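K.L.:
Have a look at this one.
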Amino acid sequence: MATARRDVDVADLVSRARDGSARAVARLISLVENDSPALREVAAALAPHGGNAQIVGLTGSPGVGKSTSTSAYVTALRSAGKRVGVLAVDPSSPFSGGALLGDRVRMQDHATDDGVFIRSMASRGQLGGLSAAVPQALRVLDAAGCDVVLVETVGVGQAEVEIASLADTTLLVLAPGFGDGIQAAKAGIIEIADIFVVNKADRDGADQVVRDLRYMQSLGGRHSAAGAWRPPIVKTVAARAEGVDDVVAAVEKHRGWLAEHGEQERRRTARAAAEIEAIALGTVRRRLGNVHGSSDLDAAAAQVVSGETDPYTAAEHLVAAL
Ligand code: GDP
121 MATARRDVDV
131 ADLVSRARDG
141 SARAVARLIS
151 LVENDSPALR
161 EVAAALAPHG
171 GNAQIVGLTG
181 SPGVGKSTST
191 SAYVTALRSA
201 GKRVGVLAVD
211 PSSPFSGGAL
221 LGDRVRMQDH
231 ATDDGVFIRS
241 MASRGQLGGL
251 SAAVPQALRV
261 LDAAGCDVVL
271 VETVGVGQAE
281 VEIASLADTT
291 LLVLAPGFGD
301 GIQAAKAGII
311 EIADIFVVNK
321 ADRDGADQVV
331 RDLRYMQSLG
341 GRHSAAGAWR
351 PPIVKTVAAR
361 AEGVDDVVAA
371 VEKHRGWLAE
381 HGEQERRRTA
391 RAAAEIEAIA
401 LGTVRRRLGN
411 VHGSSDLDAA
421 AAQVVSGETD
431 PYTAAEHLVA
441 AL
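Counting in this note's numbering, the sequence shown tops out at residue 442, every number present.
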């Protein structure tokens with residue numbers, strides 16, 4: 121551990137990341153992703169430098185055009201002078217790092233732009249999985265001065281709902297021909313979307329997707345309460361960058377709404393609470409296994425099996441002894 125620490129000058133990395141060094145940003149994300157011994161030091165060094173970036177999640181089924189859209193948004197945000205981070209998250213992939221980006225995000229246009237940080241992350245490795253690593257990577261990009269961080273996730277499912285909950289603003293990207301409206305409704309993702317993007321508006325069926333969404337919105341849900349944000353539906357042809365400015369404007373409008381209603385603060389506090397809880401639970405789990413010795417757990421299990429005690433009493437004793 122001491123050796124590993126000596127290799128990393130965390131303060132220097134953070135200072136270079138804040139100056140816009142892409143290498144320092146990449147190195148810091150690797151550290152948090154791999155659950156490095158320097159993780160805590162990195163987290164502590166980043167803590168005073170966050171809270172500026174708007175985290176924008178993009179989710180939707182594979183093939184609807186998320187990567188194409190992400191790339192088009194980056195172009196639009198860059199021409200508005202924003203510094204942008206992109207995190208491509210694939211909960212189903214065992215691979216992380218830079219290599220996959222060519223596949224996942226159509227980012228060639230931005231590869232040489234020093235105002236854009238791009239990174240892909242997968243479920244490999246770290247304790248607690250993606251849900252633990254993604255918030256830390258977001259903190260790195262935030263500290264590096266990104267005005268907006270786009271988090272692109274693959275698929276529509278529970279993992280995506282979880283990751284979408286990390287965002288200030290969640291975009292659900294749909295396209296004609298995917299049966300997406302129904303899938304999304306099933307996965308509960310309609311409820312978490314702040315903006316609906318109906319991409320491939322050059323294709324037949326796009327208007328039907330819009331009508332389906334309007335119908336689903338008319339059925340109520342959290343967005344129907346008085347004063348609630350009513351998610352706009354924006355049509356795009358990402359492949360030709362059409363409608364992209366409307367999406368960027370909707371994202372900006374949502375940022376304003378969040379700030380005005382104290383919702384930004386509420387979301388960020390809820391996220392921090394979930395993060396702390398996950399870390400605390402991970403610590404408890406590790407201690408039950410390691411510090412305490414799994415023999416204590418085994419012994420308690422044997423007592424429960426033999427009927428000497430019940431699982432609630434046994435658990436209480438273990439926790440009390442932590
Ligand atoms: P992802 O899997 O959701 O990231 O989708 P991609 O961005 O990889 O896009 C899937 C396919 O749809 C690619 O062949 C894109 O070129 C194409 N595509 C993306 N946007 C549009 C669009 O607006 N119209 C049409 N017709 N095709 C698009």
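Even for Gly, the Cβ is constructed at its ideal location relative to N, Cα and C.
Values in this document were obtained by computation on a predicted structure and should not be read as measured data.
So, helix, strand or coil for Gly409, using DSSP?
P.N.:
As a working mapping, residue 409 is identified with position 289 in the sequence shown. Of the three classes helix, strand and coil, the one that applies to Gly409 here is helix, per DSSP.
K.L.:
Which parts of the segment 309-338 are runs of the beta strand (DSSP E), unbroken and 3 residues or longer, counting only runs that do not cross its ends?
P.N.:
Complete beta strand (DSSP E) runs here, min 3: 315-318.
K.L.:
From the DSSP secondary-structure annotation, give me the bridge partner or partners of Val354.
P.N.:
Working through the sequence shown from its first residue, we reach residue 354 at position 234. Partner(s): Val317.
K.L.:
Let me check one thing: in DSSP terms, what residues is Glu272 bridge-paired to?
P.N.:
Within the sequence shown, numbered from 1, the residue matching residue 272 stands at position 152. Paired residues: Leu178, Ala208.
K.L.:
Assign Glu385 to one of two classes, buried (16 or more other C-beta atoms within 10 Å of its C-beta) or exposed (fewer than that).
P.N.:
For this step, residue 385 is matched to residue 265 along the sequence shown. The residue is exposed, with fewer than 16 neighbouring Cβ atoms inside 10 Å.
K.L.:
Looking at the structure shown, is Thr195 part of a helix, part of a strand, or coil, going by DSSP?
P.N.:
The count along the sequence shown starts at 1 and reaches residue 195 at position 75. Helix at Thr195.
K.L.:
Between the Cα of Ala359 and those of Val152, Ser191, Trp349, spot the shortest distance and give me the residue it belongs to.
P.N.:
Numbered from its first residue, the sequence shown carries residue 359 at position 239. When each option's Cα is compared against that of Ala359, the closest is Ser191.
K.L.:
Measure the CB-CB distance between Tyr193 and Val425 and report whether it falls below 8 Å.
P.N.:
Here residue 193 refers to the residue found at position 73 when the sequence shown is read from its first residue. Here residue 425 refers to the residue found at position 305 when the sequence shown is read from its first residue. Result no, Cβ atoms of Tyr193 and Val425 do not sit closer than 8 Å.
K.L.:
Using CA atoms only, rank isn't needed, just tell me which of Met336, Gly427, Lys202 is closest to Ile310.
P.N.:
Counting from one through the sequence shown, the residue named residue 310 turns up at place 190. Nearest option by C-alpha distance: Met336.
K.L.:
Assuming Val271 and Val176 form a contact by the criterion Cβ under 8 Å, report the distance between their Cβ atoms to the nearest whole angstrom.
P.N.:
In the sequence shown, residue 271 corresponds to position 151, counting from 1. In the sequence shown, residue 176 corresponds to position 56, counting from 1. Confirmed, about 7 Å.
K.L.:
Once DSSP output is grouped into helix, strand and coil, what is the label at Val425?
P.N.:
Along the sequence shown, one-based indexing puts residue 425 at 305. Helix, per DSSP.
K.L.:
To the nearest whole angstrom, what separates the beta carbons of Thr289 and Ile315, a pair I think is in contact under 8 Å?
P.N.:
Here residue 289 is taken as the residue at index 169 of the sequence shown, counted from 1. Here residue 315 is taken as the residue at index 195 of the sequence shown, counted from 1. That belief holds up - the Cβ atoms of Thr289 and Ile315 are roughly 7 Å apart, short of 8 Å.
K.L.:
Since Leu261 and Phe237 should fall inside the 8 Å C-beta cutoff, what is the C-beta to C-beta distance between them, to a whole number of angstroms?
P.N.:
Start at 1 with the first residue of the sequence shown, and residue 261 comes out as number 141. Start at 1 with the first residue of the sequence shown, and residue 237 comes out as number 117. Between Phe237 and Leu261 the Cβ distance is about 6 Å, and since that is below 8 Å, they are a contact.
K.L.:
Using 7 Å as the cut-off, classify the Cβ of Thr188 as near or not near the heavy atoms of the ligand GDP, replying yes or no.
P.N.:
Within the sequence shown, numbered from 1, the residue matching residue 188 stands at position 68. Result yes, Cβ under 7 Å from the ligand GDP.
K.L.:
Can you tell me whether Thr232 is buried or exposed, with buried defined as 16 or more other CB within 10 angstroms of its CB?
P.N.:
Looking up residue 232 in the sequence shown gives position 112. Per the 10 Å Cβ criterion, exposed.
K.L.:
Here's a check: name, in chain order, each residue in its chain whose Cβ is nearer than 8 Å to the Cβ of Val269, leaving out the five neighbours to either side.
P.N.:
Residue 269 sits at position 149 when you count from the first residue of the sequence shown. The residues are Ala173, Gln174, Ile175, Val176, Val204, Gly205, Val206, Leu207, Leu258, Leu261, Asp262.
K.L.:
Using only CA atoms, which one of Thr179, Lys202, Asp210 lies nearest to Gly235?
P.N.:
Locating residue 235 in the sequence shown gives position 115, counting from the first residue. Nearest option by C-alpha distance: Lys202.
K.L.:
Please identify the residue among Val354, Ala131, Trp349 whose C-alpha is closest to the C-alpha of Val330.
P.N.:
Within the sequence shown, residue 330 is the residue found at index 210, counting from 1. Per the Cα distances, Val354.
K.L.:
Within 10 angstroms of the Cβ of Val317, are there 16 or more other Cβ atoms? Answer buried if so, exposed if not.
P.N.:
By 1-based counting over the sequence shown, the position of residue 317 is 197. Buried, since its Cβ has 16 or more Cβ neighbours within 10 Å.
K.L.:
Exposed or buried, Pro296, counting other C-beta atoms within 10 Å across all chains shown (16 or more means buried)?
P.N.:
Counting from 1 along the sequence shown, the entry for residue 296 is found at position 176. Pro296 is buried by the Cβ-count criterion.
K.L.:
When every heavy atom of the ligand GDP is checked, does at least one fall within less than 7 Å of the C-beta of Val184?
P.N.:
If you number the sequence shown from 1, residue 184 lands on position 64. Val184: yes, Cβ under 7 Å from the ligand GDP.
K.L.:
Measure from the alpha carbon of Ala253 to the alpha carbon of each residue in Ile396, Thr429, Leu438, then state which is nearest.
P.N.:
In the sequence shown, counting from the first residue as 1, residue 253 sits at position 133. Nearest option by C-alpha distance: Ile396.
K.L.:
In three-state DSSP terms, what is Arg388?
P.N.:
If you number the sequence shown from 1, residue 388 lands on position 268. In the structure shown, Arg388 sits in a helix (DSSP, three-state: H, G or I).
K.L.:
Using the three-state DSSP reduction, which class does Leu220 fall into: helix, strand or coil?
P.N.:
Walking along the sequence shown from the start, residue 220 turns up at place 100. Summary for Leu220: the model assigns pLDDT 41, below 50, so the residue's position carries little reliability; its value from the coordinates is reported in the next sentence. Coil at Leu220, not helix or strand.
K.L.:
Below 7 Å CB to CB, which residues in the same chain sit around Ala435 once its five sequence neighbours on both sides are set aside?
P.N.:
Residue numbering aside, residue 435 sits at position 315 when the sequence shown is read from its first letter. So the list is empty, once near-sequence residues are dropped.
K.L.:
At the level of alpha carbons, what is the spacing between Ser181 and Phe298?
P.N.:
Reading the sequence shown from its first residue, position 61 is the one you call residue 181. Reading the sequence shown from its first residue, position 178 is the one you call residue 298. About 8 Å.
K.L.:
Cα-Cα, which of Asp322, Trp377, Ser135 is closest to Glu362?
P.N.:
In the sequence shown, residue 362 corresponds to position 242, counting from 1. Nearest of Asp322, Trp377, Ser135 to Glu362, Cα basis: Asp322.
K.L.:
Measuring straight from C-alpha to C-alpha, what distance separates Ala200 and Ala158?
P.N.:
Numbered from its first residue, the sequence shown carries residue 200 at position 80. Numbered from its first residue, the sequence shown carries residue 158 at position 38. Each residue's alpha carbon lies about 36 Å from the other.
K.L.:
Figure out for me which residue from Leu178, Ala264, His169 has the closest Cα to the Cα of Leu210.
P.N.:
As a working mapping, residue 210 is identified with position 90 in the sequence shown. The question names Leu, but residue 210 is Asp in the sequence shown. It is Leu178 whose Cα lies nearest to the Cα of Asp210.
K.L.:
With DSSP as the reference, please indicate the residues paired to Val145 in a beta bridge.
P.N.:
In the sequence shown, counting from the first residue as 1, residue 145 sits at position 25. Answer by DSSP bridge pairing: none, since Val145 is not bridged.
K.L.:
Examine the ligand GDP and report whether any of its heavy atoms sits within less than 7 Å of the Cβ of Arg323.
P.N.:
For the purposes of this step, residue 323 is taken as the residue at position 203 of the sequence shown. Answer for Arg323: yes, Cβ within range of the ligand GDP.
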